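**Student:** The sequence shown lines up with residues 39 to 286 when you count with the numbering used here.
Note that CB positions come from ideal geometry on N, CA and C, so glycine has one too.
Owing to the predicted nature of the structure, the values given are computational and were not obtained by experimental measurement.
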Amino acid sequence: MSANTAIDVPGEPEDGARRRWIKAGISVATLVAGTQFAVDDAQAAALSESQRNALTPDQIIEMMKAGNERFRTGKMKKQDFLAQKRASATGQYPAAIVLSCIDSRAPAEIILDMGIGDTFNARIAGNIANQDILGSMEFACAVAGAKVILVMGHTACGAIKGAIDNVQLGNLTGLLQKIQPAITATQYSGERTSKNDEFVDAVARSNVQAAIAAIRSGSPILSDLENKGNVKMAGSMYDIKNGKLTFL
Numbered sequence: 039m040s041a042n043t044a045i046d047v048p049g050e051p052e053d054g055a056r057r058r059w060i061k062a063g064i065s066v067a068t069l070v071a072g073t074q075f076a077v078d079d080a081q082a083a084a085l086s087e088s089q090r091n092a093l094t095p096d097q098i099i100e101m102m103k104a105g106n107e108r109f110r111t112g113k114m115k116k117q118d119f120l121a122q123k124r125a126s127a128t129g130q131y132p133a134a135i136v137l138s139c140i141d142s143r144a145p146a147e148i149i150l151d152m153g154i155g156d157t158f159n160a161r162i163a164g165n166i167a168n169q170d171i172l173g174s175m176e177f178a179c180a181v182a183g184a185k186v187i188l189v190m191g192h193t194a195c196g197a198i199k200g201a202i203d204n205v206q207l208g209n210l211t212g213l214l215q216k217i218q219p220a221i222t223a224t225q226y227s228g229e230r231t232s233k234n235d236e237f238v239d240a241v242a243r244s245n246v247q248a249a250i251a252a253i254r255s256g257s258p259i260l261s262d263l264e265n266k267g268n269v270k271m272a273g274s275m276y277d278i279k280n281g282k283l284t285f286l
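#1: So, does the stretch 165-183 touch the stretch 134-143, judging by three or more C-beta pairs under 8 Å?
#2: For residue 196 and residue 164, what's the separation of their Cα atoms in angstroms?
#3: Is DSSP giving residue 313 helix, strand or coil here?
#4: Just verifying my parser: in three-state terms, what is the DSSP assignment at residue 103?
#5: Can you give, in chain order, each stretch of the beta strand (DSSP E) that sits fully within the stretch 115-196 and has at least 3 residues?
#6: Are there three or more Cβ pairs, one per stretch, closer than 8 Å when the stretch 225-238 is compared with the stretch 147-167?
#7: Taking the beta strand (DSSP E) that residue 272 falls in, what are its first and last residues?
#8: Helix, strand or coil for residue 210, going by three-state DSSP, please let me know.
#9: When the Cα atoms are used, what is the spatial distance from residue 260 to residue 100?
#10: Which of the three DSSP states, helix, strand or coil, is assigned to residue 111?
#11: Of all the options 170, 109, 121 and 183, which has the alpha carbon lying nearest to the alpha carbon of residue 93?
#12: By the 10 Å Cβ neighbour count, where 16 or more other Cβ atoms means buried, how is residue 193 classified, buried or exposed?
#13: In its own chain, which residues sit with a C-beta less than 8 Å from the C-beta of residue 143, not counting the 5 before and 5 after it?
#14: So the beta strand (DSSP E) residue 283 belongs to, where does it begin and stop?
#15: Does chain D have any CB closer than 9 Å to the CB of residue 277?
#16: Candidates 215, 106 and 95: which alpha carbon is nearest residue 276's?
#17: Please name the residue in 274, 84, 167 and 205 whose C-alpha comes closest to that of residue 251.
#18: I'd like the span of the alpha helix (DSSP H) that includes residue 263, first residue to last.
#19: Could you please give the first and the last residue of the uninterrupted alpha helix (DSSP H) stretch that includes residue 222?
#20: Alpha carbon to alpha carbon, what distance is there between residue 283 and residue 103?
#21: Can you say whether residue 27 is buried or exposed, counting buried as having 16 or more other CB atoms within 10 angstroms of its CB?
#22: From the DSSP output, in three-state form, read off residue 92 for me.
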């Protein structure tokens with residue numbers, strides 16, 4: 039097989055927008071039944087149901103890591119968003135749901151070099167897991183078939199700083215209170231203020247772990263899927279300066 043060989047996915051229309059490309063010579067750890075679904079630079083169709091179902095949670099996480107590496111190094115795919123729009127118009131089969139902050143500098147699809155139809159995205163200040171977020175995750179995984187729950191915090195998070203400063207502002211007050219346990223749980227011997235970037239980022243990491251714990255304790259449905267190996271939960275931190283996503 040050549041390095042870039044086009045194949046048709048069974049059951050899909052025979053137009054170019056629904057074709058996937060397989061690249062040979064890739065690490066065995068990221069293979070799917072002997073081959074990795076890697077989209078060629080000129081093609082970027084949305085995931086089909088068969089492609090998503092063929093992936094394991096670990097393989098999806100490896101794809102996320104590879105996507106972030108492409109983003110970080112400026113080697114992103116040439117996304118054909120119109121093709122993805124057409125391909126996903128009659129159905130969506132995302133591989134994962136990402137819980138991230140509303141920060142404009144941390145858009146999950148771009149950071150992961152994903153396209154339309156690849157991931158569900160839940161965004162809320164401080165990437166907290168409240169009841170509405172849990173319900174959204176249950177839909178994504180138990181109903182729609184997503185296999186990975188990725189909680190993504192980020193450096194220099196304004197919500198974390200606001201929680202550290204105990205900001206009081208309308209409905210934001212209650213949201214920031216949900217981050218307080220992460221502040222208490224953060225072991226840090228230096229200056230524990232919002233002016234200390236290291237402390238802010240340490241709390242953000244604790245907050246990611248707290249969100250994962252909240253998902254497990256707050257949703258028996260998701261916890262059961264995880265215990266059965268159907269879903270994998272992972273935490274990560276995005277560095278807004280260097281573009282690197284570090285899995286915790």
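**Tutor:** In terms of the structure at hand:
#1: yes
#2: Working through the sequence shown from its first residue, we reach residue 196 at position 158. Working through the sequence shown from its first residue, we reach residue 164 at position 126. So the alpha carbons of these two residues sit roughly 8 Å apart.
#3: Shown here, the chain extends from 39 to 286; a query on residue 313 therefore has no answer.
#4: Translated into the one-based positions of the sequence shown, residue 103 becomes position 65. It is helical.
#5: Within the stretch 115-196, the complete beta strand (DSSP E) runs of at least 3 residues are 134-138, 157-161 and 186-192.
#6: no
#7: In the sequence shown, residue 272 corresponds to position 234, counting from 1. Counting along the chain, the beta strand (DSSP E) containing residue 272 begins and ends at 270-276.
#8: Here residue 210 corresponds to residue number 172 of the sequence shown, with the count starting at 1. Three-state result, residue 210: helix.
#9: Taking the first residue of the sequence shown as 1, we reach residue 260 at position 222. Taking the first residue of the sequence shown as 1, we reach residue 100 at position 62. The alpha-carbon atoms of residue 260 and residue 100 are separated by roughly 21 Å.
#10: Locating residue 111 in the sequence shown gives position 73, where the first residue counts as 1. Note: residue 111 maps to coil in three-state DSSP.
#11: The residue given as residue 93 occupies position 55 in the sequence shown. Answer by Cα proximity: 183.
#12: What you label residue 193 is simply residue 155 of the sequence shown in a count that begins at 1. With 16 or more other Cβ atoms within 10 Å, it is buried.
#13: Looking up residue 143 in the sequence shown gives position 105. 192 and 278, listed in sequence order.
#14: Locating residue 283 in the sequence shown gives position 245, counting from the first residue. Run containing residue 283: 283-285, per the beta strand (DSSP E) assignment.
#15: Absent from the structure: chain D. Only one protein chain is present.
#16: For this step, residue 276 is matched to residue 238 along the sequence shown. The residue with the shortest Cα to Cα distance from residue 276 is 106.
#17: Here the question's residue 251 lines up with position 213 in the sequence shown. Checking every option, the nearest Cα to that of residue 251 belongs to 167.
#18: Mapped onto the sequence shown, residue 263 falls at position 225. Start and end: 258-265.
#19: In the sequence shown, residue 222 corresponds to position 184, counting from 1. It spans 218-223 - the alpha helix (DSSP H) in which residue 222 sits, taken as one unbroken run.
#20: Position 65 of the sequence shown, counted from the first residue, corresponds to residue 103. Position 245 of the sequence shown, counted from the first residue, corresponds to residue 283. The alpha-carbon atoms of residue 103 and residue 283 are separated by roughly 8 Å.
#21: Any question about residue 27 goes unanswered here, given that the chain covers just 39 to 286.
#22: Position 54 of the sequence shown, counted from the first residue, corresponds to residue 92. Helix at residue 92.
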